Amino acid sequence: MSEPHIRRAEAADLPAIVAMLADDPLGRSREDATEPLAKAYRDAFAAIDADPNQFLAVMTDSGRVIGTLQISYLAGLSLQGALRGQIEAVRVVADRRGERLGQRLLEWAVEQCRERGCKIVQLTTNKSRQDAHRFYDRLGFKASHIGYKLELNSVAADGAGSAAP
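Just so we're aligned: the sequence shown equals residues 4 to 168 in our numbering.
1) Looking at the structure shown, is Leu59 part of a helix, part of a strand, or coil, going by DSSP?
2) Are Ile20 and Met62 close, meaning C-beta to C-beta below 8 Å?
3) For the alpha helix (DSSP H) that contains Val113, what are its first and last residues?
4) What alpha helix (DSSP H) runs, 4 residues minimum, are completely inside the stretch 34–86?
5) With 16 as the cutoff for other CB atoms within 10 Å, does Tyr139 come out buried or exposed?
6) Looking at C-alpha atoms only, which residue of Phe58, Ala92, Thr37 is the closest neighbour of Cys116?
7) With a cut-off of 8 Å, do at least 3 Cβ pairs link the stretch 103–123 to the stretch 87–95?
8) For Val21, which three-state DSSP category applies?
9) Quick one: what's Ile149 bridged to in DSSP?
10) Starting from Arg10 and walking both ways along the beta strand (DSSP E), at which residues does that stretch end?
11) In angstroms with no decimal places, state the Cα-to-Cα distance between Tyr44 and Leu17.
12) Would you kindly report the start and end of the unbroken beta strand (DSSP E) that includes Val124?
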């Protein structure tokens with residue numbers, strides 16, 4: 004094995020990225036890593052790749068994709084106009100877990116956010132991912148907020164579940 008390297012993801016990396024997203028109980032229920040990949044994945048990759056406020060990263064070792072995460076840069080008015088770095092979809096391939104590669108990915112991502120001028124880095128993780136919670140705690144992240152999501156494809160056609168204007 005060589006020294007792992009972190010770079011911007013390329014279209015050819017997409018199958019490996021989706022396979023990592025699908026490689027846990029939650030992912031298996033919502034991702035489809037069957038090749039050829041669904042067009043929705045290719046379209047999403049193209050949109051991410053074209054957006055200067057998005058960075059889909061992969062960690063590679065000897066040409067193999069072994070980790071991934073996505074950084075979204077969010078401008079906002081709160082915190083006196085602070086730019087935020089939102090980190091999502093942090094994954095490491097199963098056979099390389101325990102090597103602190105996830106820590107290296109997160110530390111790299113935080114540094115990217117710092118260099119971009121972000122005043123805060125934030126992330127979300129599913130309530131059921133207790134190992135991830137301990138991992139983020141160990142890296143200095145604080146569970147300071149409660150997040151809510153509304154899945155739009157599951158909202159009733161009559162508008163039940165939608166927010167008032």
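Don't be surprised by glycine CBs; every beta carbon is placed ideally from N, CA and C.
Remember, predicted model here, so these are calculated numbers, not experimental data.
Walking through what the data contain:
1) Working through the sequence shown from its first residue, we reach residue 59 at position 56. In the structure shown, Leu59 sits in a strand (DSSP, three-state: E or B).
2) In the sequence shown, the residue the question calls residue 20 occupies position 17. In the sequence shown, the residue the question calls residue 62 occupies position 59. No, the Cβ-Cβ distance between Ile20 and Met62 is not below 8 Å.
3) Looking up residue 113 in the sequence shown gives position 110. Start and end: 104–119.
4) 42–53, 81–84
5) Your numbering for residue 139 matches position 136 in the sequence shown. Tyr139 should be labelled buried.
6) For the purposes of this step, residue 116 is identified with residue 113 of the sequence shown, where counting begins at 1. If we check each option's Cα against that of Cys116, Phe58 comes out closest.
7) yes
8) Sequence index remark: in the sequence shown, residue 21 carries index 18 (1-based). Three-state DSSP puts Val21 in a helix.
9) Along the sequence shown, one-based indexing puts residue 149 at 146. Paired residues: none, contrary to the question.
10) The residue labelled residue 10 in the question sits at position 7 within the sequence shown. Unbroken beta strand (DSSP E) run through Arg10: 8–11.
11) Within the sequence shown, residue 44 is the residue found at index 41, counting from 1. Within the sequence shown, residue 17 is the residue found at index 14, counting from 1. Rounded to whole angstroms, Tyr44 to Leu17 spans 8 Å at the Cα level.
12) Here residue 124 refers to the residue found at position 121 when the sequence shown is read from its first residue. Start and end: 123–126.
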